[in-house]
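K.L.:
With UniProt numbering applied, the sequence shown has no gaps in its numbers, which climb one by one up to 438 at the end.
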Amino acid sequence: MSATPRRTPPKTPRPDRAPLAASAEIRRWEEDLRRTRAERRRARAQDFWSEFRDAPIIERSDRSDERIVTFLWQDAAAAEVLLFANKLTDERDIASSLMRRLRGTDIWHLSYRMRADWRASYGFLTRDRGDAWPWGDGDHASIRRALDHSRADPRNPRSIPNRPGTPLSLVELPDAPRQPWAEHRPDLGSRGALDERRGPDGRPVWVYVPAPSAVAAASPGAVSAALPVVVILDGDAWVRHHRISATLDNLIADGQIRPCLVLLPDSGGSERRWEELDARGDGARWIVERLLPWARGRFPVSADPAETIVAGQSLGGYTALRAAFEYPSVVGGVISQSASLWQQGLADPASIPGTVRGLRMYLEVGAHEWVLREPNRRLADAVAAAGGDIRYTEYNGGHDYACWRGGLADGLRVLLGPAAPPRRLDTRLETNRGGQRV
Numbered sequence: 001m002s003a004t005p006r007r008t009p010p011k012t013p014r015p016d017r018a019p020l021a022a023s024a025e026i027r028r029w030e031e032d033l034r035r036t037r038a039e040r041r042r043a044r045a046q047d048f049w050s051e052f053r054d055a056p057i058i059e060r061s062d063r064s065d066e067r068i069v070t071f072l073w074q075d076a077a078a079a080e081v082l083l084f085a086n087k088l089t090d091e092r093d094i095a096s097s098l099m100r101r102l103r104g105t106d107i108w109h110l111s112y113r114m115r116a117d118w119r120a121s122y123g124f125l126t127r128d129r130g131d132a133w134p135w136g137d138g139d140h141a142s143i144r145r146a147l148d149h150s151r152a153d154p155r156n157p158r159s160i161p162n163r164p165g166t167p168l169s170l171v172e173l174p175d176a177p178r179q180p181w182a183e184h185r186p187d188l189g190s191r192g193a194l195d196e197r198r199g200p201d202g203r204p205v206w207v208y209v210p211a212p213s214a215v216a217a218a219s220p221g222a223v224s225a226a227l228p229v230v231v232i233l234d235g236d237a238w239v240r241h242h243r244i245s246a247t248l249d250n251l252i253a254d255g256q257i258r259p260c261l262v263l264l265p266d267s268g269g270s271e272r273r274w275e276e277l278d279a280r281g282d283g284a285r286w287i288v289e290r291l292l293p294w295a296r297g298r299f300p301v302s303a304d305p306a307e308t309i310v311a312g313q314s315l316g317g318y319t320a321l322r323a324a325f326e327y328p329s330v331v332g333g334v335i336s337q338s339a340s341l342w343q344q345g346l347a348d349p350a351s352i353p354g355t356v357r358g359l360r361m362y363l364e365v366g367a368h369e370w371v372l373r374e375p376n377r378r379l380a381d382a383v384a385a386a387g388g389d390i391r392y393t394e395y396n397g398g399h400d401y402a403c404w405r406g407g408l409a410d411g412l413r414v415l416l417g418p419a420a421p422p423r424r425l426d427t428r429l430e431t432n433r434g435g436q437r438v
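(1) Assign VAL223 to one of three DSSP states: helix, strand, or coil.
(2) Can you tell me where the beta strand (DSSP E) holding GLN337 begins and where it ends?
(3) Cα-Cα, which of GLU66, ASP400, ALA218 and SER245 is closest to LEU188?
(4) Could you say which of GLU364, ASP410, TRP29 and ALA385 lies nearest to ASN396 if we only look at CA atoms?
(5) Return helix, strand or coil for ASP47, following the three-state DSSP convention.
(6) Go to PRO167, then tell me how far its beta strand (DSSP E) extends in each direction, as first and last residue.
(7) Can you name the start and end residues of the beta strand (DSSP E) that PRO9 belongs to?
(8) Does ALA402 come out as helix, strand or coil in the three-state DSSP assignment?
(9) I need the DSSP call for ASP296, collapsed to helix, strand or coil.
(10) May I ask which residues mark the beginning and end of the alpha helix (DSSP H) holding SER213?
(11) Would you decide whether PRO375 is buried or exposed? Buried here means 16 or more other CB atoms lie within 10 Å of its CB.
(12) Taking a contact to mean a Cβ-Cβ separation below 8 Å, would you say LEU372 touches LEU346 in this structure?
(13) Kindly list the residues whose CB is nearer than 7 Å to the CB of GLY316, restricted to its own chain and excluding five residues on each side of it in sequence; keep chain order.
(14) For GLY130, which three-state DSSP category applies?
(15) Quick check on the DSSP output: the beta strand (DSSP E) that includes TRP73 runs from which residue to which?
(16) I'd like to confirm the pairing. Which residues does DSSP put opposite SER111 in its beta bridges?
(17) Less than 8 Å between the CB atoms is what I'm expecting for SER61 and ARG113, so what's the real figure, rounded?
(18) What span of residues does the beta strand (DSSP E) with GLU276 cover, start to end?
(19) Going by beta carbon distance, what residues of the same chain come within less than 7 Å of ARG67, once the five residues before and after it are set aside?
(20) Excluding five sequence neighbours on each side, which residues of the same chain lie with their C-beta closer than 8 Å to the C-beta of SER159?
(21) Distance, Cα to Cα, VAL310 vs GLY269?
(22) With a 10 Å radius around its C-beta and 16 neighbouring C-beta atoms as the bar for buried, classify SER142 as buried or exposed.
Below is the structure:
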């Protein structure tokens, strides 16, 4: 019997092209180089690179809430340079993200007009003369693989790995939501322990156990305390590339969340991830019937659904929603980031179970995720209409760990804030669609 082909996201073209712009700095240098004799142009270009040692160039625009962002690449040999900026680059319209070259130089540039709270990862691909791009016409899988191995910006020290672990560069405009818990703090007093265990079915599971001093401080006088439990899917990415233990340590140390035990199961690789987290997969059932019982047999964690949270991104966000909708007696909290609601079912208001009233949800999606934004909005509206406790946010970014690492901390703060009686979360307000965090 042949394997059932996996479903893939629809390759819907971006409804409107990314907002290209003209940079005053580039215009100034273009005029300068035009006045420079051809034989001196390359030497003069080195003065350009001496002036712009840091990239991208951020310029004010004619609107106070926008900036002109100019990406730069230095390459004398390239025939073409492609800028891959998360969810500005449209895989159906690669040509619109090809950089421009200042004639007779090694200067490549491309400028966008972006709202001042934008954040994104980005990288570059180059094609030399005589070579072809490593994908065929309309071969989106090949395009995706190539983009996943973009080269970082050597003029930008800020970086963030993508899901495969390739370092990409990071652009953050001045009003981007702060992410104060993302980085390691060398002077932090107490830290939790993060260890890899052999989990159910032999799968690696990283387990974060908060520092005993933090648990004692949160429950003074208690002989023993059953900890809230959080499952964060794609644990391999969060542990290896995104300092999740530092985020948890910082949140607990700052009193932003209660001490909790965190389970981070390995995804098992791309194919297994698709099989399990797809709408037809059994990822939600595995969490409820295998992972959580395994953890409760080994650690002092609560069996209260109100203290049990599942978090995920993309397919993981979809599976986190399924776990709560299908097993409300076990999972009472959800952090869903850029959930893959291009799949049928969950975005349909008729599919929202009556048990949603007992759930607490943090749901977010990027304003530039043109395939996912509308179904996530519909789901948020349906949950709110059904009486669910939901916080919904649209951030100014894309399908991007650069944004998700801050959103995950925000979701944990909403659902695991300092010990207090459960409160009804604010349902989505229209202002949430402007991209500001709430």
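Yeah, the Cβ is synthetic: ideal placement off N, Cα and C, and Gly gets one too.
P.N.:
Taking the structure as given:
(1) Since pLDDT at VAL223 reaches only 48, below the 50 mark, its modelled position is unreliable, and the value read off the structure follows with that caveat. Three-state DSSP puts VAL223 in coil, outside helix and strand.
(2) Its beta strand (DSSP E) spans residues 333 to 337.
(3) LEU188 has its Cα closest to that of SER245, out of GLU66, ASP400, ALA218 and SER245.
(4) Measuring from the Cα of ASN396, the nearest candidate turns out to be GLU364.
(5) Reduced to three states, the DSSP call for ASP47 is helix.
(6) Boundaries of the beta strand (DSSP E) harbouring PRO167: 167 to 172, taken from the DSSP string.
(7) No beta strand (DSSP E) holds PRO9; DSSP gives it neither H nor E.
(8) Three-state DSSP puts ALA402 in a helix.
(9) For the sequence presented, residue 296 should be read as Arg rather than Asp. When DSSP states are grouped into helix, strand and coil, ARG296 belongs to the helix group.
(10) Run containing SER213: 212 to 218, per the alpha helix (DSSP H) assignment.
(11) PRO375 comes out buried.
(12) It is not a contact, given that the beta carbons lie outside the stated cut-off.
(13) Taken in chain order, the residues that qualify are LEU233, ASP234 and LEU277.
(14) In this structure, GLY130 counts as coil in the three-state DSSP scheme.
(15) Taken as a continuous stretch (DSSP letters only), the beta strand (DSSP E) holding TRP73 covers 66 to 74.
(16) Answer is THR70.
(17) SER61 to ARG113, Cβ: 6 Å. Contact.
(18) Looking at the DSSP string, GLU276 is not in any beta strand (DSSP E); the run it does join, the alpha helix (DSSP H), is 270 to 277.
(19) Its chain contains ILE58, GLU59, ARG60, SER61, MET114, ALA116 and LEU173 as the residues whose beta carbon lies nearer than 7 Å to that of ARG67, once the 5 sequence neighbours on both sides are disregarded; these appear in chain order.
(20) Within the same chain, ALA152, PRO167, LEU168, SER169 and LEU170 come within 8 Å of SER159 by CB-CB distance, once the 5 residues on both sides are set aside.
(21) Approximately 20 Å between the Cα atoms of the pair.
(22) SER142 should be labelled exposed.
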